[in-house]
Amino acid sequence: MTNDLAIGMAGAGGDGVIAAGDALIGAAARLGYRAIMTKSFGPQIRGGESSFRLRLGTDPVFNAGGTLDVAIALNWTDFLRFGAELPVDGHTTVIYDTASRVAPDDLPLAGVTPEDAIAVPIEQMARDHAGTDKAKNTVVLGLLAEWLGLPADSLLAGVRKRFAKKSVEVLEGNERAFAAGVVFAQAHPIRTDQRLAPPRAAGAGRMLVDGNEMCAAAAIFAGCEFFGGYPITPSSEIMQWLSREIWKYGGTMLQAEDEIAGIGAVVGASFAGRKGMTATSGPGMSLKTEMLGLATIAELPLVCVNVQRGGPSTGLPTKSEQADLFQAVFSAHGDVVRPVLAPVSVADTFRVTVEAFNIAEQYQTPVILLSDADIAQRKEIVDPIDTSAFTIVDRRRPNGRELEEYVRFQITESGVSPISYPGQKGGNYLASGIEHSERGAPTANGEIHERMNEKRIRKFNSLKSRRDLFTIEGDRDAPLALLSWGSVAGVAFEAAAEARRDGIQLKVLVPRLLYPVSEEVYEDFFASVRAGLVVEQSYQGQLFRLIRMFVDVPRGLASFARSGSNPIAASEILHRVRLMVSTLQRGNVPETAQWLE
Amino acid sequence: MNGTRTANDYKSDLKPIWCPGCGDFGVLQAIYRALTAIGRPPHEIAFVSGIGCSSRIPGYTTAYGFNTVHGRALPIAQGIKLARPELLVLAAGGDGDGFSIGGGHVPHAIRRNVDLTYVVMDNQIYGLTKGQLSPTSPRGLKTVSSAHGSVEDPVNPLMYVLGYGARFVAQGTPADLSGLAALIEAGLRFPGFAFINVLSPCVTYGRADVQLKAHKAMMKSLDALGHDATDRLQAMTRAAEYGRQLHTGVFYRDPDPSPTFEAQIAGRHRAMAALGALRSRVLEAFVVS
């Protein structure tokens, strides 16, 4: 029995690979397991190869990564196309279709000989029992139900749901295909250590949701009344979900003619007093920056979501990367501080999106929410969220006395000024992208410019002391540290847990607030640290470099970073942590590059 | 609506930065008159512009003004109107704003038909940046950025918007101030996207033959020509003469305008409000059953 199982499956378009994954994670959610499922596709618009990987456990799951425990290849050509996304080792149970005519001791896996390789006549069974090879995925579900010890009823419920609108023949055919899979598996038992332990509790109230949908729903919760955007992979689902839902809450969405107009309409809606959001990715983010600058100087709240993909330019549109941090932080001309937040999971996306709206409102600023393709596109079983624990912040409105002689950009102690909206009597003012006086009059006066810059930057001081926007765990005095952000943080959490099980003293820092950099939070954290790693998915190691720009870091802090579309496994982090331990034991604090050997 | 309001109610304390004799002064006067005629209180008006000499104009009114970035007045104005449909929304800018850097937004404002009025102050030159070629500059024009003369055709703003299906298209000049005020008022009253091209001379960088004096001599009222403003093809025939003739008046006014964007979504909002969705319960949609 195991508490943690990674399943990967690949096949051709039309094989129903994703539907099988959906059925598995749906059943897992109902049964009370925790899971994360990622999907991956070839570059074709339709009909290309597709795959899923599902990390299934009895305890909370932090990432979908790691070597597969069970790999299912409907055909080898498509399976191998996913390369490092579906890694197999000697421990993996490999299930594949006999139709491939590959011998179990001659699998096309370079240098890897899996302990168990089982050829199953999947296609033949689908034809024999359902009358169509379209039921291959249902055969696989039957196999897995038996082999992994998942209750058949729960999986069948998903199958029935899927074919509810089809004819009785189709439904019955699939039920027979499923049963055939179960029978085959009973006749060909596999090692028992691949069987999943029973769930710890029933899954009542748990949600099954992906990161983009969670972001959109969180925006509604936070009070989003307007969305403007333009379709772009991998963020489009945010707009799509809102195009269906936002009207129910009295909100409005606009699919604009381009990325600039999408955020432009949000700037307009915010000026008009409504909470607004836009969402984009990669090249779209480049186009948004002009409007972000305008919203910064006009001090208008808005949330701009960037679901990071591989870049630069078109880059790798469907693959996750964390290389837009520099852009988020620095993509403005002029002296600008613009809050940048990043969630670490689908569940976390709820909280961080609500925070993004609240910070935008409180500080009257655009906020960049850096999600990534991995979080955005993966499905996660999410524990119920106590939404009553959240506060919703609204921008500071002028009171009656302030409206008597309204000063829109009044320099206050906090740096935040009361903001009116068209329609509010007495609040009339000129908003502008041009530098302006406290009353909003255009100016090129150096003294006023200095004062307004000071106001617009000083107002974020209190944000930097929001320690609740950082996760810090582990022994306070630990000499070793891991830092990570975004989806990759899930891998770091897993590696840290494993290191601690080995008795290694290690602490972890994961920021949700990436910018402005909170010097005090990092300095406190680094006080005990002699060596550590900043783990992230960008070639340059952008968080590592950003922290060093503001904070003196320990000499033994190194970057562990690589480009997107190259998953980082917990085992790789652990390997480096052990190197750190042995080096420190020898009494050395090595040069940073040494960790990467 | 409110007969007691005067033009002074719409005048702000800011002093225009324009050169003495600039056509934009006349446009500003015409806007004061049009707003006075309509009579909405200034706090119910949003006035949005882009960048350029003419885009300074919102600050010279007491409306809620927004002097945005180059070419982007229309997306922002649409966001304002969709966020608060009860507002009177006016957008303005120059020919560079509307037909060069922001040209891509115009067709979509037209087809989306959000109820706002777009006044372009077309001076056929870049004034704020000191005299470069603009999208409506005539072929052959020598400027600081076309030292040997332009070899490009100008944009015809009237054909541009008529071709994209604009439902209200007019042209005026500050040389006929009361006519211009009446056109802006008509645009503001039109239920949908309204476009008004104003030939507004640049006294500093503009050609001698496009100054107000020349306009006075050249301008011909479309009404006097017996133009039928309900006929889009006739409007296009007249519009094709842009650059050769100075027609003033309404080229085209859709006699049966389709509903605005915001009117259509208001119906959707009413229907969906019946579902009684609560923001606090938005996550329930994701709970596994």
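Those sequence lines, one after another, are chains Y and W.
First residue of the first sequence? That's 20 in this note's numbering, and the numbers climb one at a time after it.
First residue of the second sequence? That's 740 in this note's numbering, and the numbers climb one at a time after it.
Ideal Cβ positions, reconstructed from N, Cα and C, are used throughout, including at glycine.
- A residue is called buried when at least 16 other Cβ atoms come within 10 angstroms of its Cβ; W:HIS986 meets this threshold and is buried.
- Just so you know, the alpha carbons of Y:HIS468 and Y:GLU457 end up roughly 10 Å apart.
- The C-beta separation of W:GLY798 from Y:PRO461 comes to about 6 Å, placing the pair in contact by the 8 Å criterion.
- Y:ARG49 places its beta carbon 8 Å or farther from that of W:VAL1026.
- In the DSSP secondary-structure assignment, Y:ALA500 is bridged to Y:LYS526, Y:GLY551.
- Residues of chain Y with a Cβ closer than 9 Å to the Cβ of W:HIS986 do not exist; the shortest Cβ-Cβ separation is about 29 Å.
- Shown here, Y:ASN418 sits in coil according to DSSP, grouped into three states, outside any helix or strand.
- Taken through DSSP and simplified to helix, strand or coil, Y:GLY40 comes out as helix.
- Inclusion of Y:GLY230 and Y:ILE394 in the CB contact set at 8 Å is warranted, their separation being smaller than that value.
- Residues of chain Y whose Cβ lies closer than 8 Å to the Cβ of W:THR801 are, in chain order, ASN447.
- Taken in chain order, the members of the segment 404-437 of chain Y whose beta-carbon sits within less than 7 Å of a beta-carbon on chain W are ILE404, THR406.
- Distance from the Cα of Y:VAL80 is smallest, within the candidate group Y:ALA90, Y:GLY51, Y:LEU105, Y:GLY61, for Y:GLY51.
- Under the three-state reduction of DSSP, W:VAL900 is assigned to helix.
- With a threshold of 16 other beta carbon atoms within 10 Å, Y:GLU264 meets it and is buried.
- In the DSSP assignment, Y:ASN156 falls within the alpha helix (DSSP H) that extends over 155-167.
- Against chain Y, a Cβ distance below 7 Å from W:VAL859 picks out nothing, because the smallest value is about 18 Å.
- Boundaries of the alpha helix (DSSP H) harbouring Y:ILE592: 589-604, taken from the DSSP string.
- Cβ-Cβ separation between Y:PHE544 and Y:ILE491: approximately 6 Å, consistent with a contact (criterion under 8 Å).
- Y:PHE479 sits in coil when the DSSP states are folded into three classes, being neither helix nor strand.
- Of the residues W:ALA886, W:LEU774, W:LYS869, the one whose Cα lies closest to the Cα of W:LEU922 is W:LEU774.
- Here the segment 376-383 of chain Y makes contact with the segment 472-486 of chain Y; the two share three or more CB pairs at distances below 8 Å.
- Within chain W, the residues HIS782, GLU783, ALA785, TYR803, ARG823, GLU825, LEU826 have their CB atoms less than 9 Å from the CB of Y:GLY442, given in chain order.
- In terms of Cα proximity to W:PHE932, the closest of W:PHE1000, W:SER889, W:ALA947 is W:PHE1000.
- Each of Y:PRO417, Y:MET144, Y:ASP108, Y:GLY283 was checked against the Cα of Y:THR132, and the nearest Cα belongs to Y:ASP108.
- Around Y:ASP277, the beta-carbon contacts reaching into chain W at under 9 Å are PRO814, GLY843, HIS844, HIS847.
- Contact with chain Y is absent for W:THR943, since none of that chain's Cβ atoms lies less than 8 Å from the residue's Cβ.
- Chain order gives no chain Y residues near W:LEU880, where near means a beta carbon separation below 7 Å; the closest approach is about 29 Å.
- Close to chain Y, meaning a Cβ-Cβ distance shorter than 9 Å, are the following residues of the segment 1005-1021 of chain W: ARG1007, HIS1008, ALA1010, MET1011, ALA1012, LEU1014, GLY1015, ALA1016, LEU1017, ARG1018, SER1019, ARG1020, VAL1021.
- By the CB criterion at 8 Å, W:ILE790 and W:LEU829 fall outside the cutoff.
- Going by DSSP, W:LEU972 is part of the alpha helix (DSSP H) stretching over 971-978.
- Just so you know, the alpha carbons of Y:ALA361 and Y:THR271 end up roughly 25 Å apart.
- For the segment 749-783 of chain W, the set of residues with a beta-carbon nearer than 9 Å to any beta-carbon of chain Y comprises SER751, ASP752, LEU753, ILE756, PRO780, PRO781, HIS782, GLU783, in chain order.
- Cβ atoms of Y:GLN213 and Y:ASP88 come within 8 Å of each other, at about 6 Å.
- Comparing alpha-carbon positions, the option among W:ASN895, W:ILE935, W:ARG906 lying closest to W:PRO994 turns out to be W:ARG906.
- Not one beta carbon of chain W lies nearer than 8 Å to the beta carbon of Y:ARG564.
- Below 8 Å, too few C-beta pairs join the segment 805-824 of chain W and the segment 759-778 of chain W to call them touching: fewer than three.
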